[in-house]
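Engineer:
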Amino acid sequence: MKGSEIIFKNKKQFHITLVIFTIYVVLSFPFFHENFPESNVFIFNIAINSWDGLNYLGIIALILLFTSLTLAVKSLNQFKKRTVLIGILLATFIPQYLADAYQKTLATGVYAISYKQEFSECDIRKNGDTTLVAECNLMLTNHSNSDVELLLSFIDKYNDEKHDMIKIVNNGAPYNLKLHKNESKHVEIYSTIDASRLEEAMDTGNMKMLNIKIESDGKERKL
């Protein structure tokens, strides 16, 4: 018997496996560098829920992944466990690597913007008897070779736009920003609001690890 015949039970089926796995990689690509609601389930870094409900495209991608792994096992005579392990490792790391490479080379507009969420923070303090002032600090990077003009607003991790602290920092939203080509920018955003507009009394507040929405040329991302 030839070496390939010893390894493969069905070579054509294995080729189909590779095609399905490639489709999985393509479908899972958009989910990296995006943010999702706080209470969520992630499988291979793909969220089951999006901001609008079930993440159907992500679920389809996962079905394709598990289908490709199942077909791979059925198409082989040998190295079944090893193939599944390699497939899982590739499924975990390749889409993330491709997303990073794309953002830093070919991406334009909102897709070229990265956000260091761990450095984000908003401080809220009272100014006088009736006014609350918010000061937010963010770090954004434009990886493209063109300037990008953005509209930025804040979103709540629990998808509750009525949250008082979100209402304060969003009082002047959307905020107009411009990032020059290949620029990393420390962005400061200030807003004020009449305290009487809030549902609960507040004197001070602080938020970290903020979620934001950026828009440009009719496209948007939630980060």
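End of the sequence shown sits at 1314 in this note's numbering; the numbers just go up one at a time, nothing left out. Even glycine gets a Cβ: it sits at the ideal position worked out from N, Cα and C.
How long is the line joining the alpha carbons of Lys1272 and Val1201, rounded to whole angstroms?
Structural biologist: By one-based count along the sequence shown, residue 1272 stands at place 181. By one-based count along the sequence shown, residue 1201 stands at place 110. Their Cα atoms are separated by approximately 12 Å.
Engineer: Could you tell me if Phe1300 is buried or exposed, where buried requires 16 or more neighbouring beta carbons within 10 angstroms of its beta carbon?
Structural biologist: The residue labelled residue 1300 in the question sits at position 209 within the sequence shown. Residue 1300 is actually Met in this sequence, not Phe. Answer is exposed; the Cβ neighbour count stays below 16.
Engineer: Leaving out the 5 sequence neighbours to the left and right, which residues in its chain are closer than 8 Å to Ile1185 when beta-carbon positions are compared?
Structural biologist: Here residue 1185 refers to the residue found at position 94 of the sequence shown. Within the same chain, Ile1185 has close Cβ partners Val1116.
Engineer: Span of the alpha helix (DSSP H) holding Leu1268?
Structural biologist: Stepping through the sequence shown from its first residue, residue 1268 is reached at position 177. Run containing Leu1268: none in the alpha helix (DSSP H); it sits in the beta strand (DSSP E), Tyr1266 to Leu1270.
Engineer: Quick one: measure Cβ to Cβ for Thr1108 and Ala1163, integer angstroms, because I've assumed they're closer than 8 Å.
Structural biologist: Along the sequence shown, read from residue 1 onward, the residue named residue 1108 stands at position 17. Along the sequence shown, read from residue 1 onward, the residue named residue 1163 stands at position 72. The pair is a contact, with the Cβ atoms about 5 Å apart (cut-off 8 Å).
Engineer: At 3 residues or longer, and completely inside the stretch 1284-1309: list those beta strand (DSSP E) runs for me, N to C.
Structural biologist: Whole beta strand (DSSP E) segments, 3+ residues: 1295-1299 and 1302-1307.
Engineer: Based on Cα-Cα distance, which residue from Met1293, Ala1198, Glu1306 and Met1298 lies nearest to Gly1219?
Structural biologist: Counting from 1 along the sequence shown, the entry for residue 1219 is found at position 128. Nearest option by C-alpha distance: Met1293.
Engineer: Under 8 Å between the Cβ atoms of Tyr1167 and Phe1112?
Structural biologist: Here residue 1167 refers to the residue found at position 76 of the sequence shown. Here residue 1112 refers to the residue found at position 21 of the sequence shown. Per the sequence presented here, residue 1167 reads as Leu, with Tyr not at that position. Result no, Cβ atoms of Leu1167 and Phe1112 do not sit closer than 8 Å.
Engineer: If we ignore side chains and look at the alpha-carbon of each, how far apart do Lys1269 and Ala1286 end up?
Structural biologist: Numbered from 1 along the sequence shown, position 178 holds the residue referred to as residue 1269. Numbered from 1 along the sequence shown, position 195 holds the residue referred to as residue 1286. Approximately 30 Å, taken between the alpha carbons.
Engineer: Along the alpha helix (DSSP H) that carries Tyr1147, what are the first and last residues, could you check?
Structural biologist: For this step, residue 1147 is matched to residue 56 along the sequence shown. Where Tyr1147 is concerned, the enclosing alpha helix (DSSP H) stretches over Tyr1147 to Ser1166.
Engineer: Counting pairs of beta carbons, one from the stretch 1199-1218 and one from the stretch 1144-1155, are three or more of them closer than 8 Å?
Structural biologist: No, the stretch 1199-1218 is not in contact with the stretch 1144-1155.
Engineer: Leaving aside the five residues before and after Glu1274 along the sequence, list all residues of the same chain whose C-beta is less than 8 Å from its C-beta, in chain order.
Structural biologist: On the sequence shown, residue 1274 is found 183 positions in, with the first residue counted as 1. Thr1232 and Asn1233.
Engineer: Return helix, strand or coil for Glu1252, following the three-state DSSP convention.
Structural biologist: Reading the sequence shown from its first residue, position 161 is the one you call residue 1252. Here Glu1252 scores only 46 on pLDDT, less than 50, and its place in the model should not be relied on; the value that follows carries that caveat. Glu1252 falls in the coil class under three-state DSSP.
Engineer: Using only CA atoms, which one of Thr1161, Ala1198 and Arg1173 lies nearest to Val1239?
Structural biologist: Translated into the one-based positions of the sequence shown, residue 1239 becomes position 148. With distances taken between Cα atoms, Val1239 lies closest to Ala1198.
Engineer: Assign Ser1119 to one of three DSSP states: helix, strand, or coil.
Structural biologist: Within the sequence shown, numbered from 1, the residue matching residue 1119 stands at position 28. Note: Ser1119 maps to helix in three-state DSSP.
Engineer: Could you pull the DSSP bridge partners for Tyr1175 from this structure?
Structural biologist: Start at 1 with the first residue of the sequence shown, and residue 1175 comes out as number 84. Strictly speaking, residue 1175 in this sequence is Val, with Tyr absent from that position. Looking at the DSSP assignment, Val1175 forms no beta bridge with any residue, so it has no partner.
Engineer: Within 10 angstroms of the Cβ of Ile1259, are there 16 or more other Cβ atoms? Answer buried if so, exposed if not.
Structural biologist: If you number the sequence shown from 1, residue 1259 lands on position 168. Label assigned to Ile1259: buried.
Engineer: How close, in whole Å, do the beta carbons of Arg1216 and Thr1295 come, if the pair is a contact with beta carbons under 8 Å?
Structural biologist: Position 125 of the sequence shown, counted from the start, is the residue given in the question as residue 1216. Position 204 of the sequence shown, counted from the start, is the residue given in the question as residue 1295. Contact holds; Cβ gap of about 5 Å.
Engineer: Report yes if the CB atom of Leu1181 is closer than 8 Å to the CB atom of Phe1120, and no otherwise.
Structural biologist: For the purposes of this step, residue 1181 is taken as residue 90 along the sequence shown, with counting starting at 1. For the purposes of this step, residue 1120 is taken as residue 29 along the sequence shown, with counting starting at 1. Cβ atoms of Leu1181 and Phe1120: not closer than 8 Å.
Engineer: Given that a residue counts as buried once 16 or more other Cβ atoms are within 10 Å of its Cβ, and exposed if not, what is Asp1251?
Structural biologist: Counting from 1 along the sequence shown, the entry for residue 1251 is found at position 160. Because the pLDDT of Asp1251 is 48, which lies under 50, any placement of that residue in the model is unreliable, and the question is left without a value.
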